[in-house]
Each structure stands twice: as structure tokens, then as C-alpha cells.
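What follows is a single structure, written as C-alpha cells, with notes after it.
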Amino acid sequence: MRLSRFYLPLLKETPSEAQIVSHQLMLRAGMARQESAGIYAWLPLGFRVLKKIEQIVREEQDRAGAVEMLMPTIQSADLWRESGRYDAYGKEMLRIKDRAEREMLYGPTNEEMITEIFRAGVRSYKDLPKMLYHIQWKFRDEVRPRFGVMRGREFLMKDTYSFDADAAGARRSYNKMFVAYLRTFARMGLVSIPMRADTGPIGGDLSHEFIVLAETGESTVFCDRRLLDLAVPGPDTDFDQDLQPLIDRYTSYYAATEEKHDAKEFEAKVGAADRIAARGIEVGHIFYFGEKYSKPMKAMIAGPDGKERPAEMGSYGVGVSRLVGAVIEAHHDEAGCKWPLPVAPFHVGLINLKQGDGATDSACAKAYEALTQAGVEVLYDDTDKRPGEKFAVMDLVGLPHQLVIGPRGLAAGKAETKRRADGHREELPVEEAIAAVKKSVRDGLALR
RNA sequence: CGGGGCGUAGCGCAGUCUGGUAGCGCAUCUGCUUUGGGAGCAGAGGGUCGCAAGUUCGAAUCUUGCCGCCCCGACCA
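In short: position in the first sequence from 1, add 76, done, that's my numbering.
Below you can see the structure in the form of C-alpha cells.
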């Protein structure tokens, strides 16, 4: 993509409403624009990141055996009356009426709808288990939206719903999502920690929040430092195997959010040197809730004994749009974003230091062509801006690799590469520089 | 939803107390000079001062109402 054709409205100054770094950088780097309180338009650069994150979430859901579908944003109030939540939900639910005065709502979540869809098509334990998911915009009329896309009113969420014939099956589904989430966040360059979370009236130990540690996180969390070093399950993980030992390894270490924190247990289980008390961002939540919806909504399953009983359900959410903010919180410096390659809006920023100079233009055109042909996503700064500004802009945007071509280096047949993550720079013969960037991108994307 | 604050050019702000018809920096446009880390000079364009009533000869400024947005707290993927 040529920068001259792209739409990248940058801000040199930080808008006063942005309090945290991810919000500031998203506005400054032209990724998003607020349209109402907690409602954002995704500009081209931000949209590309959103799509990358969404795709990683999708791939890991598919790998775990979940099946994608798409449910509508607008739902009928009657559906929510079946579960009793229409009255229970409160003002967070955006309620609307259609032209026939029918009561509708903009969905804050989809348990009711998926239960209705499931019960229409499944009768027997032989059809189970099933895991269905969709990635869809939700709306929760938060009292106080803030922190940009980290806590908007409108947000993109992946939600999966599992259906099993019994509690043991439900646990197997739960475990699959647990592992899928570890992989999902790791692929985005995030260290996520599953923390035991409130299970509400259901009880049990089957609810975890996945937390990314960040100074600007909304929750206070406590955990064992050793959790940070646990190996994430690899792409060859067999989701049909018994995942319990893997889960047990993770849950054997102490990790809890403030609500579930037990100071005594923390100190008993974790040595002083390994105790972490920090702030965290909740990026995912997995939850087993049994018959909560299947019972009132009569999603009944016939067992081997011929008796019907409500399906055992769980739901598993990932805040896709929130993750864009979370990744920035985890990867940035004073100059701007530092995107991990798998979620970067482009892999490489190609900087033409002297647009209009024949040799420079043609060297850049060749580099652009070579990289693009190799499947590398390039943002080519072909504008006639000054070098200093181009460097600053590219650092702000934060693409993982920069390839800098200018008359001075070109006179010696060289181009410069720069790695945004650590600032490492290298002057190489042009062809070698292109090859090096190509290789870095390939290697970086191969790690899954 | 309680408490606080703010709406003036695309962004950041001054002007409001003490009414006299709108300004600064950045950005934008033009020209010249520059050109390896957000350039310099000269010139130009751009604002129903959030909206609506009211007071006044006269309102960005005073009064009332409404709307929008932000911050702290309680609440949330």
C-alpha cells in the first residue's frame, strides 16, 4: 500500500480526552476515531489490526473444534423474557422499538439466541458435544465508557457456546477453550494469565478470566511469577486428548483477581520473590453455567436412558476490539506503537527518503515489488515529506520492520533496515536488506 | 448513577471574572529556501464561539433550559 493512497489522519498532539497510552496512540496514529461516547469508527490502519486479531481468534477457535456462525446484532425482547433476563439486565441493555412497536434490543451477548438456535436442531446426546461461536458487534450501554476501545459501549466480541450432555462433557469443552485462549493471546504477543473468577450462583471452579498484565489495567490481580514462564501449548496440541493435566499445571499456581483474592492462601502458596501484585486487562473470560439457560428455555437433550434433561452449557468470550488496545498497552514506547508481527497492520514500512529522485524512486519501487510479491505487507511512504517526519511517523505507526532507502545510502549501494521492537538498525546492500526483511517476516509469521 | 470539569478553526489552547462583534501554536494552501530523525521565511484560507430562549443599544462573555464530552467513584468483555 502506498501511503499517498492510504487514509492515515495523524495527530501530532495528543487529544485531551485520551488518558491511557493505547487510546492516545490509536488516535494519534489514525487508527480510530470516536463517533460518540464509547463508539468508534475503525480507520484503515486500526481496521487492519482488528482484522488480524479477529483472524487469530478465529483460527484458534477452529483448531479447538468450535464452529463459526453469525448471529444478528438486533434481538427480540421476547427471547430474553424466556430466560428472565429482559427485566434483570438493567440499563446496560440498549432497548429499541421497531416500526410495529415491537420491543427489540441491541444484543449485549447471545446466550438466549444460541440456546434458541440449538434447541431447534438438537434432541439427542448423540449430537453432542457442540461448540458454536461467532464474532459480532455487541452493545452495552456502559454508565461510563472510557479508555478508548478498551472499554467502549460498542465492541467486537468473539463468543463461543458449548453444549454437552453432562457435566464431565462440559468440563472437556471448557478445557478446550482454556487451551485455545492460551494459544490465542500468545500468538498476539501477549502473556495472558488465567485467573480464577467469580462463578456466581453456579459455584464450582469452572470460570477463569484471562488477564494481560499492564500498568493501565482496570483490575488489580495477584499471581505467581512462575506462571509467566509456563510454556504455551503448541500448534500440534490434540484437542481431543485429555487436556486436564495441562489445565491442572496452569491452575496449580496461584492467580486471582481482586474479588477472588485470598491473601493468606497467596502467601502460603507463593514465595515472596514470586508474588506479583499488579494491574491487568481482562481479555477473555470462560465460564461454565450448566442449565442456567437451557432449563428455562427448554433446550432438552435425550440421554441414553431416554430421559430428557437440559443441556450443559458454557460460554467463552474474547474482547476482540479490546485486544487492539491491550496489545498497544503491552507493546509501545515514547515514540509510538511497536506491533508484534502477527497483528501488525503492515509487516514493513518502506521509507523513500527522497521522493522524486530517480534512483531512489526506482530502488523503492523495486523493493516494494519484491516484498509484495513475496507476500509481505508493505506500507510504502512515497510522499514528498521530509525524512525526519517520515521516520517519526513510521515509529508512531509502529510497523515491526522499516526499510529505509535514500540517495546517500544508495550511492554506496546500501539500504537501511530497522527493527521497531528494539531499534536495531543495519546498513546492507539493497538486495540483502530486502532479503533480510523478507526472511524476518517469514520467520516471524511461522511461529505459531 | 453520585461528585467534579469542559464545549471557541482539523488538533492543542487563550479570551469569559470586568459585555463593544474573535485570537495564538500546530496542521492546511501558495511561493522561495531547505531535505538522513516531526525545517525556515513570506503570504493566504478556514470559526452559526455546542443548541435554544432571555437580559441589553450591543452577548463567546451575563441568566435560564437543553444537548454533547471528559475526569474521580460505584459497575463491566
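Ideal Cβ positions, reconstructed from N, Cα and C, are used throughout, including at glycine. The structure displayed is predicted, hence computed values, not measured ones.
Between Phe231 and Ile96 a beta carbon distance of about 16 Å is seen, past the 8 Å cut, so the two are scored as non-contacting. Rounded to whole angstroms, the Cβ separation of Leu121 and Val396 is 17 Å, and the two are not in contact under 8 Å. If you draw a 10 Å sphere on the C-beta of Asp381, you find fewer than 16 other C-beta atoms in it, and that means exposed.
By the CB criterion at 8 Å, Val297 and Val267 fall outside the cutoff. Contact between Val400 and Phe261 fails: their C-beta atoms lie close to 13 Å from each other, not under 8 Å.
Within the region 466-517, the complete beta strand (DSSP E) segments of 3 residues or longer fall at 477-481, 490-495 and 501-505, listed in chain order. In this structure, the straight-line span from the alpha carbon of Asp350 to that of Gly293 is close to 20 Å.
At a Cβ-Cβ threshold of 8 Å, Lys374 and Arg195 count as neighbours.
Going by DSSP, Ser238 is part of the beta strand (DSSP E) stretching over Glu230 to Asp240.
For Val255, the closest alpha carbon among the candidates Thr313, Arg385 and Leu417 is that of Thr313.
Note on Lys494: 16 or more other CB atoms within 10 angstroms of its CB, so buried under the neighbour-count rule. Boundaries of the beta strand (DSSP E) around Lys173: Leu170 to Lys173. Under DSSP, Met389 takes part in a beta bridge, and its partners are Phe239 and Gly366. Closest in C-alpha terms to Ala491, from the list Leu521, Glu453, Ala435 and Asp519, comes Ala435. Its chain contains Pro221 and Arg229 as the residues whose beta carbon lies nearer than 8 Å to that of Ala113, once the 5 sequence neighbours on both sides are disregarded; these appear in chain order. Using a Cβ-Cβ distance cut-off of 8 Å, the region 186-194 and the region 133-148 are in contact, since at least three pairs of beta carbons, one from each stretch, lie closer than that value. Classified as buried, Tyr444 has 16 or more neighbouring CB atoms from the shown chains inside 10 Å of its CB.
Assigned with DSSP and collapsed to three states, Ser295 falls in strand. In this structure Lys466 is buried. Its beta-carbon is surrounded by 16 or more other beta-carbon atoms within 10 angstroms. The beta-carbon distance between Gly425 and Leu455, rounded to whole angstroms, is 5 Å. This is short enough to meet the 8 Å contact definition. Taking the CA atoms as reference points, Ala387 sits about 16 Å from Glu158. Membership of Trp118 in any alpha helix (DSSP H) is not indicated; the residue belongs instead to the beta strand (DSSP E) covering Ile115 to Trp118. Between Asp300 and Tyr330 a beta carbon distance of about 5 Å is seen, short of the 8 Å cut, so the two are scored as contacting. The beta-carbon distance between Gly141 and Lys252, rounded to whole angstroms, is 6 Å. This is short enough to meet the 8 Å contact definition.
Under the three-state reduction of DSSP output, Val419 falls in the helix class. Setting aside the 5 residues that flank it on each side, Leu103 is surrounded in the same chain by Leu87, Pro91 and Ala94, each with a C-beta closer than 7 Å to its C-beta; the list follows chain order. For Glu503, the closest alpha carbon among the candidates Ala512, Arg496 and Ala497 is that of Ala512.
Between the C-alpha atoms of His477 and Ile510 there is a straight-line separation of about 11 Å. With respect to the C-alpha of Trp415, the residue from Arg496, Thr448 and Gly366 having the closest C-alpha is Arg496. Shown here, Ala331 sits in a strand according to DSSP, grouped into three states.
Partner residues in a beta bridge of Glu130, as assigned by DSSP, do not exist.
Cβ-Cβ separation between Cys413 and Val346: approximately 34 Å, too far for a contact (criterion under 8 Å). If you look at Gly425, you'll find it isn't in any alpha helix (DSSP H); it sits in the beta strand (DSSP E) that goes Val424 to Asn428. Only buried fits His423, as 16 or more other CB atoms lie within 10 angstroms of its CB. Collapsing the DSSP output to three states places Met102 in a helix. Residue pairing by DSSP places Tyr456 opposite Arg78 and Leu426 in a beta bridge.
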